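Here is the structure we will look at, set down as structure tokens.
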Amino acid sequence: MVTVANGTPSGPADGPADVGVPPVAVGSAPRIGVLALQGDVAEHVAALRRVGATPVEVRLPARLDDLDGLIIPGGESTTIGKLLAEWALLAPLRECIAEGLPVWGTCAGAILLAKDVRDALPGQPLLGVLDIAVRRNAFGRQVQSFETVLDVPRLGGAPFPAVFIRAPQIESVGEGVEVLARLPDGTIVAARRGPLLATAFHPELTGDDRFHRFFVAVTRESSADCPPVATR
Ligand code: GLN
Numbered sequence: 004m005v006t007v008a009n010g011t012p013s014g015p016a017d018g019p020a021d022v023g024v025p026p027v028a029v030g031s032a033p034r035i036g037v038l039a040l041q042g043d044v045a046e047h048v049a050a051l052r053r054v055g056a057t058p059v060e061v062r063l064p065a066r067l068d069d070l071d072g073l074i075i076p077g078g079e080s081t082t083i084g085k086l087l088a089e090w091a092l093l094a095p096l097r098e099c100i101a102e103g104l105p106v107w108g109t110c111a112g113a114i115l116l117a118k119d120v121r122d123a124l125p126g127q128p129l130l131g132v133l134d135i136a137v138r139r140n141a142f143g144r145q146v147q148s149f150e151t152v153l154d155v156p157r158l159g160g161a162p163f164p165a166v167f168i169r170a171p172q173i174e175s176v177g178e179g180v181e182v183l184a185r186l187p188d189g190t191i192v193a194a195r196r197g198p199l200l201a202t203a204f205h206p207e208l209t210g211d212d213r214f215h216r217f218f219v220a221v222t223r224e225s226s227a228d229c230p231p232v233a234t235r
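The numbers in the sequence shown follow the working numbering, run straight up by one, and end at 235.
Here it is as structure tokens:
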């Protein structure tokens, strides 16, 4: 049985709650942020540690400085979007992405990255940076969540275990977007364009770290860093 932590941090009124993993780089370990507003943050942090990256929990705009990449975890895209807006992270994050910051969105994170979100709530804050069309909750309700294995040729080796929790489907991808994985019926569930990666499922919940390793490799290909917050 898979459980997803859904802890929401206390709000800005309580002062900075940014007490996560200290931003200390070890050797040449890439510093990879995990947006820590809501969703399964701890699981991504643990997976990043296992693959030799330095995780940085991001709740404040200043924590975007000097990241080599950022993961937007699964959770609830409406809540994460609302908190992104409340914590003044939407605009700086869009700027960082425009500068080439590699970002991987899992499930709700993939929804936040998508340019076209179907069945979004009216006014739902979104980043809208990756040329894919996603449909929220396309597999049905929470009880219709499921686990399966996927062929992901880019990862090589055995099929990848994939956990879908009230997941979106990627209904189409734009030009230049690589489809990384499909369900047997053809539904697209993972896609990438350059430094932007979207998975409809939750690789952090399976103990198979190949997607995290893949994202670290994507961050190593990119030379772009998030500009320091002071310059924005
Ligand atoms: N259904 C959620 C949403 O629309 C995503 C679920 C998840 O991230 N596991 O945001």
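Just so it is clear, CB atoms sit at the ideal spot from N, CA and C, and this is done for glycine as well.
Everything numeric in this text was worked out from a predicted model, so none of it was measured.
Here Ala165 is near Phe204, since their CB atoms are less than 7 Å apart. Taking 8 Å as the upper bound for CB-CB distance, Val37 and Val48 are in contact here, some 6 Å apart. In summary, Gly179 is exposed, with fewer than 16 beta-carbon neighbours lying within 10 Å of its beta-carbon over all protein chains present. Annotated as proximal: Ile35 and Pro58, with beta-carbon spacing under 7 Å.
Looking from the CA of Gly77, the closest CA among Pro171, Glu224, Leu93 belongs to Pro171.
Secondary structure at Gln147: helix, using DSSP grouped into helix, strand and coil.
Annotation for Ser175 indicates a beta carbon at 6 Å or more from all heavy atoms of the ligand GLN. Taken atom to atom, the span from the alpha-carbon of Arg66 to that of Pro206 is near 24 Å. Bounds of any beta strand (DSSP E) do not take in Thr81; it lies within the alpha helix (DSSP H) bounded by 80-89. Straight-line spacing of the CA atoms in Gln127 and Leu158 works out to 33 Å.
By the CB criterion at 7 Å, Ile114 and Val106 fall outside the cutoff.
Glu98 carries a helical assignment under DSSP once its states are collapsed to helix, strand and coil. Gly112 sits in a helix when the DSSP states are folded into three classes.
Relative to Leu92, the option among Asp122, Leu40, Ala184 whose CA is nearest is Leu40. The continuous beta strand (DSSP E) containing Thr57 extends over residues 57-61.
Comparing C-alpha distances from Ser175 to each of Val146, Thr190, Thr202 shows the shortest one belongs to Thr190. A heavy atom of the ligand GLN is found nearer than 6 Å to the CB of Arg139. Each of Leu130, Asp211, Ile135 was checked against the Cα of Val155, and the nearest Cα belongs to Asp211. Annotated three-state conformation of Ala170 is coil, per DSSP.
Scanning its chain for C-beta atoms nearer than 6 Å, with the 5 sequence neighbours on each side dropped, one finds around Ile74 the residues Val37, His47, Trp107, in chain order.
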